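Everything on this sheet refers to the single structure shown next.
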């Protein structure tokens, strides 16, 4: 069986649904904006990780169907197996205990950016531009949007001797006083 690769947003939505007793996708707790939730759900539907069912609660409606009425989404058995959740584990572990690390896509530019920022000494914008091929404003946007806002990482900026500004991801102990 091939391994299903999940983006961060897909992993958050899917693991939240699988943690619920009924496997419901809604309400979505991830802090996704705009049409992002719809795009993620469409992708999960296409992969067979979630399915459409009749909605009984108006707060969980995904869409309306002329024949079936209000429709919502729930996790499929494939979702549980993709996340490594089995019936045996459900009997022995509390519902909020993470069961397995989520498989994320490898080799992305975002992953490269995170690795560079986690390296000792961090990285300059110019170094990141050279490694990823992005423009400098794209690097700044990725750090501000994807890393800080969506992933909740703390990024600090320090000016070094040569005048270049170095960026790095700091752990919670470092960032506590800032």
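Numbering (our numbering), first residue to last: 2 to 179.
Just so it is clear, CB atoms sit at the ideal spot from N, CA and C, and this is done for glycine as well.
Bear in mind that the values here come from a model prediction, so they are computed numbers and not experimental data.
Mind checking who residue 168 pairs with in its DSSP beta bridge?
-> Answer is 124, 158.
Name the DSSP bridge partner or partners of residue 112?
-> Its beta-bridge partners do not exist; DSSP assigns none.
Does the Cβ of residue 114 have 16 or more other Cβ atoms within 10 Å, making it buried, or fewer, making it exposed?
-> buried
Which residue from 27, 17, 32 puts its Cα closest to that of residue 151?
-> 32
Enumerate in chain order the residues of its own chain whose CB-to-CB distance from residue 62 is below 8 Å, with the five nearest sequence positions on each side excluded.
-> 27, 56, 71, 72, 73
In terms of DSSP beta bridges, what is residue 76 paired with?
-> 51
Contact between the segment 112-128 and the segment 38-52 (3+ Cβ pairs under 8 Å) | no
Just to confirm, are residue 69 and residue 24 a CB contact at a threshold of 7 Å?
-> no
DSSP state of residue 152, grouped into three classes?
-> coil
Start and end residues, alpha helix (DSSP H) containing residue 9 = Start and end: 9-20.
Which residues in the same chain as residue 161 place their Cβ atom closer than 8 Å to its Cβ, once the five residues preceding and following it in sequence are excluded?
-> Once the five neighbours on either side are set aside, the close Cβ partners of residue 161 are 167.
Work out the CA separation of residue 163 and residue 85 for me, nearest whole Å.
-> Computed Cα separation, rounded: 48 Å.
Residue 168: beta carbon under 6 Å from a heavy atom of the ligand FMN?
-> In the structure on display, the ligand FMN does not appear, and there are no ligands present to speak of.
Cβ separation of residue 45 and residue 79, assumed to be a contact under 8 Å, to the nearest whole Å | Wrong, their Cβ atoms sit about 10 Å apart, outside the cutoff.
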